[in-house]
Amino acid sequence: MCRFGFSTLGALPLAAVTVLVGLTLPLLAEANIQEVGVVPPQPSMCDSVSFHVTGYFTDGCWHYDGYDVTILPTMGPFTAYMMRILCHREDGAACPLVIVPYEVSHDLGTLSPGPYTLLVVEVDSQDSTTFYDQRGISFSVSESCGPVEPCVLPGFTPSQQGCNAVVYPGRPGFLTVTLTNSMPVAGAEMFIEDIQQFRDEYCGSGSRCGFMTRVIEVEPIMRAFDMGVDWTFSGNKLHFMLHPFSSDPRETSGLPVIEPGDGPVARVWLEVVVDSIAWATPIPEVTFDVILTPVAFADEYGQSIPACPTFAPINGTVCIRNAVKCDVNGDGRADVVDIVRMIQCIMCPIPEGCCSPEEIARADCNGDNVLNVTDVVCCIRHILDFSSYRYEEEQARDPETLGGAAAIGLSSQILWENDSRFSVPLTFSSSKEVGGVEAWIRYDPTVLSVDGLTLSESLSDSELFFSASEGVLSFMIVDVEGGSIPSGDRILGEVSFVCKAATGGETELIMEGAAAADGEGARLDIVVSGKGLPVTIPYVPTACLASRPNPFHNSADISLSVVREQKGLLAVYDVSGRLVRTLHEGNLSPGVNTFSWDGRNGEGLEAGAGIYFLRFEGEREALTRKLVLLRH
685 MCRFGFSTLG ALPLAAVTVL VGLTLPLLAE ANIQEVGVVP PQPSMCDSVS FHVTGYFTDG
745 CWHYDGYDVT ILPTMGPFTA YMMRILCHRE DGAACPLVIV PYEVSHDLGT LSPGPYTLLV
805 VEVDSQDSTT FYDQRGISFS VSESCGPVEP CVLPGFTPSQ QGCNAVVYPG RPGFLTVTLT
865 NSMPVAGAEM FIEDIQQFRD EYCGSGSRCG FMTRVIEVEP IMRAFDMGVD WTFSGNKLHF
925 MLHPFSSDPR ETSGLPVIEP GDGPVARVWL EVVVDSIAWA TPIPEVTFDV ILTPVAFADE
985 YGQSIPACPT FAPINGTVCI RNAVKCDVNG DGRADVVDIV RMIQCIMCPI PEGCCSPEEI
1045 ARADCNGDNV LNVTDVVCCI RHILDFSSYR YEEEQARDPE TLGGAAAIGL SSQILWENDS
1105 RFSVPLTFSS SKEVGGVEAW IRYDPTVLSV DGLTLSESLS DSELFFSASE GVLSFMIVDV
1165 EGGSIPSGDR ILGEVSFVCK AATGGETELI MEGAAAADGE GARLDIVVSG KGLPVTIPYV
1225 PTACLASRPN PFHNSADISL SVVREQKGLL AVYDVSGRLV RTLHEGNLSP GVNTFSWDGR
1285 NGEGLEAGAG IYFLRFEGER EALTRKLVLL RH
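Encoded structure:
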């Protein structure tokens, strides 16, 4: 994912200045803001505050053109910022069918105490009246600059198109619970309330029905992957607890904890059960809010950690839909088989002569009443976003095939490019031509990140789509012009990974499942060979940090050695973790980089005598050294 720096492109237009926070803008579904955050999440007037935004564009014809930040006029006691993500799309070009992500960080510095609101909008840089997406958050800056008591802030991942979870009859969806914590958390207990039940609703052709939403599983993920979980669901309330007892404690070196950070820790699976009519009868589409309430948090010593104060309830939105999106063939699931069928419908000179009206309607992913390649890309993105659940669904629906028409797996040959980057070939064989194939690979996101996936030259006529999120890489290979992958044995391509830290140890890649279709869109039996692939991570120190003299009176000379060019942050913090002085932020050259600290803070004032921490945060490694400042 690319990271972009600050850029100001023109003044904020008058039309945008008059937009008040919370107003719904006329949006076009061409781009997507995924996450909007404030760092730190509970800032004080002494903290340096920054905005952080991530998102993506839907194909390769989109271009990121920078961003600007402006204060909006308001009629309330709060201060409102608007961040415009500026972009444009090249019309008339042959667009690569790839997702283009972006990530933006903007530093504001210190802010005055009080309430604030941030509105983020995607704006066409060539037509400032055209908006593509918007999201907003509120936060407050406190007056206290003393040591801040650690706290834990729970929440939900940002909603997509207004829904934190989308649930269909016959196909569960999930809410993703997040934690922001500055210290290790060994236990977390929470409620999710107001999970709605519906009675005596109008369904189908005027008939009445009842349906209920219920919790079927709570799953620890990401930083909480090693944690245990217990939960109960009664009425409309989920009560769940993440705890460190997921395995025999005698087999571990210590209690598993949720390490400090910000992001997902649990996935709450929801399903819709229709109890009054046949499953095939459409139910009304409804939306309702749930409330997350923190109960208790604890550190690894059994000491209580308070929940961070919030100024509004922690809400999530659940959307119930009455059909599985992109289920073209109507078998209750959406996968590569439906994609191949869509392509057959599109390539047909008269789609109505090759596909039924129901198939065409289910294939219209973007709802514009026109069936074309944009619907194919829309459905592929939708399918890949639900890859981890669909594998579990396939395993439950179809018994394991002992000898199928196709087989896919991870090669046992690991190709190391250097000490931190490697690739693994994807093996494939089939007894007949294949119209499309997809698969899902699970990895440990705390150890590895996906660096890319490339197709073999023999598949140059095919298109590759992939998505990596929350430790699952999902990919799909199809020919959008209706071609096929020839029969026989071959290498589909290679998936590349980067070790986040060369700390040594073992990890594993697991190909969890796959699906395949022939050239006409019929499902093929496919088996996964060699599901688990162990990977040994080498230990290679990539940076060295030292300071002399230590203790010091007037100035300390600091040397930072890195083995390759990279971006990094070198800063001094006090014992409470508060930033005292930023010494360097930006590019570092290979070799020894020298800096000094004169014992003053960022405002040029002398820091008091005592213990400080010198910290370097690089692209793949973080180092901390203790400094002792003496005063006469």
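At position 425 of the sequence shown the residue is numbered 1109 (this note's numbering), and the sequence of numbers has no breaks.
Heads up, the beta-carbon is just placed ideally off N, CA and C, and yes, glycines get one too.
Given the structure is predicted, the values throughout are model-derived calculations rather than measurements.
- Using the C-alpha atoms, what's the distance from N1006 back to V1259? Locating residue 1259 in the sequence shown gives position 575, counting from the first residue. Locating residue 1006 in the sequence shown gives position 322, counting from the first residue. Computed Cα separation, rounded: 55 Å.
- Item | Under 8 Å between C-beta atoms of V1162 and I1023 | Numbered from 1 along the sequence shown, position 478 holds the residue referred to as residue 1162. Numbered from 1 along the sequence shown, position 339 holds the residue referred to as residue 1023. Cβ distance < 8 Å, so V1162 and I1023 count as in contact.
- Task: Would you please state the rounded distance, in angstroms, between the beta carbons of V949 and A908? I believe it to be under 8 Å.
- Result: Taking the sequence shown and counting its residues from 1, one reaches residue 949 at position 265. Taking the sequence shown and counting its residues from 1, one reaches residue 908 at position 224. 4 Å between Cβ atoms; contact.
- Query: Are three or more beta carbon pairs between the region 783 to 792 and the region 746 to 753 nearer than 8 Å?
  - Reply: They touch, by the three-pair rule.
- Task: Determine the DSSP secondary structure at I1064, reduced to helix, strand or coil.
- Result: By 1-based counting over the sequence shown, the position of residue 1064 is 380. Looking at I1064 - three-state DSSP - the assignment turns out to be helix.
- Item | 8 Å Cβ cutoff met for L1298 and I1242 | Locating residue 1298 in the sequence shown gives position 614, counting from the first residue. Locating residue 1242 in the sequence shown gives position 558, counting from the first residue. Pairing L1298 with I1242 gives a Cβ-Cβ distance under 8 Å.
- Touch check for the region 873 to 886 and the region 1103 to 1123: three-plus C-beta pairs under 8 Å? Taking 8 Å as the limit for Cβ pairs, the verdict is that the region 1103 to 1123 does not touch the region 873 to 886.
- Task: For P1041, write down the residues that DSSP places opposite it in a beta bridge.
- Result: As a position in the sequence shown, residue 1041 is number 357, starting the count at 1. P1041 is not bridged to any residue.
- Item | Contiguous beta strand (DSSP E) assignments of at least 3 residues, all confined to the region 1199 to 1276 | Runs found: 1210 to 1213, 1216 to 1223, 1227 to 1232, 1240 to 1246, 1250 to 1257 and 1263 to 1272.
- Outcome for R1315 when other beta-carbon atoms lying within 10 angstroms are tallied against a minimum of 16: Counted from its first residue, the sequence shown places residue 1315 at position 631. When all chains shown are included, R1315 counts as exposed.
- Message: What does the alpha-carbon distance come out to for the pair L802 and N865?
- Response: On the sequence shown, position 118 is the one that residue 802 refers to. On the sequence shown, position 181 is the one that residue 865 refers to. Straight-line spacing of the CA atoms in L802 and N865 works out to 22 Å.
- Give the range of the beta strand (DSSP E) segment to which Q818 is assigned. Taking the sequence shown and counting its residues from 1, one reaches residue 818 at position 134. Taken as a continuous stretch (DSSP letters only), the beta strand (DSSP E) holding Q818 covers D811 to V825.
- Query: In its own chain, which residues sit with a C-beta less than 7 Å from the C-beta of D1202, not counting the 5 before and 5 after it?
  - Reply: The residue given as residue 1202 occupies position 518 in the sequence shown. Counting only residues of its own chain and dropping the five nearest sequence neighbours on each side, D1202 has a CB closer than 7 Å to the CB of K1116, E1117, V1118, G1119 and L1208.
- Message: Short of 8 Å in beta carbon distance, which residues of its chain neighbour E1190, apart from the five on each side in sequence? Order them along the chain.
- Response: Taking the first residue of the sequence shown as position 1, residue 1190 is located at position 506. Here the set comprises P1218, V1219, T1220 and I1221.
- When you compare only the Cα positions, how much space is there between G1275 and R1248? One-based indexing of the sequence shown puts residue 1275 at position 591. One-based indexing of the sequence shown puts residue 1248 at position 564. So the alpha carbons of these two residues sit roughly 8 Å apart.
- Message: Whole angstroms are fine: how far does the CA of S812 sit from the CA of R768?
- Response: Here the question's residue 768 lines up with position 84 in the sequence shown. Here the question's residue 812 lines up with position 128 in the sequence shown. Rounded to whole angstroms, R768 and S812 show a C-alpha spacing of 10 Å.
- Message: Measuring straight from C-alpha to C-alpha, what distance separates A713 and K921?
- Response: Start at 1 with the first residue of the sequence shown, and residue 713 comes out as number 29. Start at 1 with the first residue of the sequence shown, and residue 921 comes out as number 237. Residue confidence for A713 is low, a pLDDT of 45 falling below 50, so the modelled location carries little weight and cannot support an answer.
- Item | 6 Å CB neighbourhood of C1039 in its chain, flanking five on each side removed | Within the sequence shown, residue 1039 is the residue found at index 355, counting from 1. Same-chain partners within the cutoff: C1029.
- Are the CB atoms of E984 and P853 nearer to each other than 8 Å? Taking the first residue of the sequence shown as position 1, residue 984 is located at position 300. Taking the first residue of the sequence shown as position 1, residue 853 is located at position 169. Remark: C-beta atoms of E984 and P853 do not approach each other more closely than 8 Å.
- Task: Give the DSSP-derived three-state secondary structure of L1143 in the structure shown.
- Result: The count along the sequence shown starts at 1 and reaches residue 1143 at position 459. In this structure, L1143 counts as helix in the three-state DSSP scheme.
- Item | G1302 versus K1310, I1295, E1287 and Q1250, residue with shortest Cα-Cα distance | Indexing the sequence shown from 1 puts residue 1302 at position 618. Closest by alpha carbon: Q1250.
- Short check: CB of L1229 to CB of R1304, under 8 Å? Here residue 1229 corresponds to residue number 545 of the sequence shown, with the count starting at 1. Here residue 1304 corresponds to residue number 620 of the sequence shown, with the count starting at 1. Going by C-beta atoms, L1229 is not nearer than 8 Å to R1304.
- Query: How many Å lie between P944 and S1168 at the Cα?
  - Reply: One-based indexing of the sequence shown puts residue 944 at position 260. One-based indexing of the sequence shown puts residue 1168 at position 484. Approximately 47 Å between the Cα atoms of the pair.
- For C829, count neighbouring C-beta atoms within 10 Å of its own C-beta (all shown protein chains included) and say buried if the count is 16 or more, exposed if not. Translated into positions along the sequence shown, residue 829 becomes position 145. It is exposed - the Cβ of C829 has fewer than 16 other Cβ atoms within 10 Å.
- Query: Since Q881 sits in a beta bridge, which residues does DSSP pair it with?
  - Reply: Position 197 of the sequence shown, counted from the start, is the residue given in the question as residue 881. Bridge pairing for Q881: M896 [DSSP].
- Query: Where does G1288 land, buried or exposed, given buried means 16+ other C-beta within 10 angstroms?
  - Reply: Residue mapping note: residue 1288 aligns to position 604 of the sequence shown, counting from 1. Burial call: exposed.
- Using the DSSP secondary-structure output, state which residues sit across from I1295 in a beta bridge. Start at 1 with the first residue of the sequence shown, and residue 1295 comes out as number 611. For I1295, which the question treats as bridged, DSSP gives the partners V1312.
- Query: Taking the C-alpha atoms as reference points, what is the distance between V805 and G1000?
  - Reply: As a position in the sequence shown, residue 805 is number 121, starting the count at 1. As a position in the sequence shown, residue 1000 is number 316, starting the count at 1. If I take the Cα positions, the gap works out to 21 Å.
- Query: Under a three-way DSSP split, which group does E1084 fall into?
  - Reply: Sequence index remark: in the sequence shown, residue 1084 carries index 400 (1-based). With a pLDDT of only 39 at E1084, under 50, the local geometry of the prediction cannot be trusted, and the value read off the model is given with reservation. Coil.
- Query: Would the beta-carbon of L1139 fall within 8 Å of that of G1177?
  - Reply: As a first step, residue 1139 must be located in the sequence shown, where it is residue number 455. As a first step, residue 1177 must be located in the sequence shown, where it is residue number 493. Contact: yes.
- Message: Less than 8 Å between the beta carbons of A1199 and V1021, yes or no?
- Response: By 1-based counting over the sequence shown, the position of residue 1199 is 515. By 1-based counting over the sequence shown, the position of residue 1021 is 337. Yes, the pair counts as a contact, with Cβ atoms nearer than the cut-off.
- Message: Please report the distance separating the alpha-carbon of A1196 from that of T916.
- Response: On the sequence shown, position 512 is the one that residue 1196 refers to. On the sequence shown, position 232 is the one that residue 916 refers to. For clarity, residue 1196 is Glu in the given sequence; the question names Ala instead. Taking the straight line from one Cα to the other gives about 28 Å.
- Task: Please list, in chain order, all residues of the same chain as A1080 whose beta carbon is under 8 Å from its beta carbon, the five residues on each side excluded.
- Result: Within the sequence shown, numbered from 1, the residue matching residue 1080 stands at position 396. Confidence is the limiting factor: at A1080 the pLDDT is only 38, short of 50, which leaves the residue's position unreliable, though a coordinate-based value still follows. Nothing meets the Cβ criterion.
- Task: Count the other CB atoms, across all protein chains shown, that sit within 10 Å of the CB of V941; report buried if there are 16 or more and exposed otherwise.
- Result: Your numbering for residue 941 matches position 257 in the sequence shown. Burial is judged here by how many other beta carbons sit within 10 angstroms of a residue's own beta carbon; V941 has at least 16 and is buried.
- When V861, A1206, V825 and E827 are compared against P842, the one with the closest alpha-carbon: On the sequence shown, residue 842 is found 158 positions in, with the first residue counted as 1. When the alpha-carbon of P842 is set against those of V861, A1206, V825 and E827, the nearest one is in V861.
- Query: Of the choices L976, T897 and Y1296, whose alpha-carbon is the least far from that of T1266?
  - Reply: The residue labelled residue 1266 in the question sits at position 582 within the sequence shown. The candidate whose alpha carbon is nearest that of T1266 is Y1296.
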